[in-house]
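Take the sequence shown: its position 232, counting from 1, is numbered 232 in full-length UniProt numbering, and each next residue is one higher.
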Amino acid sequence: MHGQDAKPYDTATSILTGAAANFTEGHETPFHCHARCQLLYAVEGLMRVDTPGGRWLVPPARAVWISPWVEHRMSVRGPARIRSLFVDSQRVLGLPATDGMIPVSPLLRAVIDELASLGLQAIETRRGRLMAHLLREELSAPMDPAFHLPWPTDKRIRQVCEALSVEGERRDWDAAHWADALAMSVKTFQRHFQKQTSTSFGQWRLRARLLSSLQGLMAGDSILQVALACGYASQSAFTLAFRRHFGMAPSAFQAQSHAGVQA
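Given below as structure tokens:
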């Protein structure tokens, strides 16, 4: 499905091919790329997709769209059932022009499941061709940026982001701490961070903290447990921040992830 195993899906005569695979906790692919666009969807489990430009945390109610030749690495948090579709963008018009997260409706989930099960002959049947038309329509939905963390291009500032993505004492360091660690002024640090990620350091750190909560919520941990693990003083403070960022309460996210689709 990935790496060298994905080559048949890139070179098949069919303009759309699919694949399905189940993975255990901690599975990770090396960085690789495809000649075709790829749609990655986790029927079950939390998926993390890294590219040179950022990181997506992909719960079951979302899928990630990756353009041709974009280097990426996929890993799973907990057991996961993954579906992939590979689309020849040279022969299919109207596909998303950029990488991003796509909400998965009940219809899109059914289409992905069907096409992935057909493998290398995904649209060699009339049913497959009809499914492919439905897929293109569903892919026209607006991208969802809430589950994406952009990476800065400066290696030193990127190391800050990587440190913030790991639980520990430094997760609570503010811009002044990091600027001092990098031997630059706070103003310079914040200017570079904003320019390279299109968001402020404070907003990026908040997003990283909220994204770190997804695994616990999907595992069925209580909202209070997740709130405290993410550094919030109370469940209400966490719920407010979560709702502002994702547009739903943590309890709604848990229900949506369990269902595997966006209502």
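Every residue, glycine too, gets a C-beta built ideally from N, C-alpha and C. In this text the structure is predicted, and so the values were computed from the model without any measurement.
Item	Value
CA nearest to the CA of Leu-107, picked from Ser-198, Leu-115, Cys-33	Leu-115
Three-way DSSP call (helix, strand, coil) for Thr-98 in this model	coil
Nearest residue (CA-CA) to Glu-44, options Val-58, Ser-185, Ile-223	Val-58
First and last residue of the uninterrupted alpha helix (DSSP H) at Ile-223	223-229
Residue span of the alpha helix (DSSP H) that contains Thr-188, given as start and end	186-197
Three-way DSSP call (helix, strand, coil) for Ser-75 in this model	strand
Cβ separation of Val-160 and Trp-178, assumed to be a contact under 8 Å, to the nearest whole Å	5 Å
For Val-64, the nearest candidate out of Ile-102, Phe-86, Phe-31 (CA to CA)	Ile-102
Cβ neighbour criterion (16 or more within 10 Å) applied to Glu-162	exposed
Spatially closest choice to Val-76 from Leu-214, Gln-256, Cys-230, Pro-250, by CA coordinates	Leu-214
Cα-Cα separation between His-133 and Ala-229, rounded to whole angstroms	44 Å
Ranges of the beta strand (DSSP E) found wholly within the stretch 124-173, counting only runs of at least 3	148-150
Distance, Gln-194 Cα to Asn-22 Cα	38 Å
Short Cβ contact (7 Å threshold) for Arg-136 with Gly-94	yes
Nearest-angstrom Cα separation, counted from Met-184 out to Ala-249	38 Å
Alpha-carbon to alpha-carbon, Thr-24 and Pro-30	16 Å
Local conformation of Trp-56 per DSSP, three classes	strand
Where residue 266 falls: helix, strand or coil (DSSP)	Limits of the chain in this structure are 1 at one end and 263 at the other, which puts residue 266 out of reach.
Close Cβ partners of Arg-205 (< 7 Å) along its chain, the five nearest in sequence each way excluded	Leu-164
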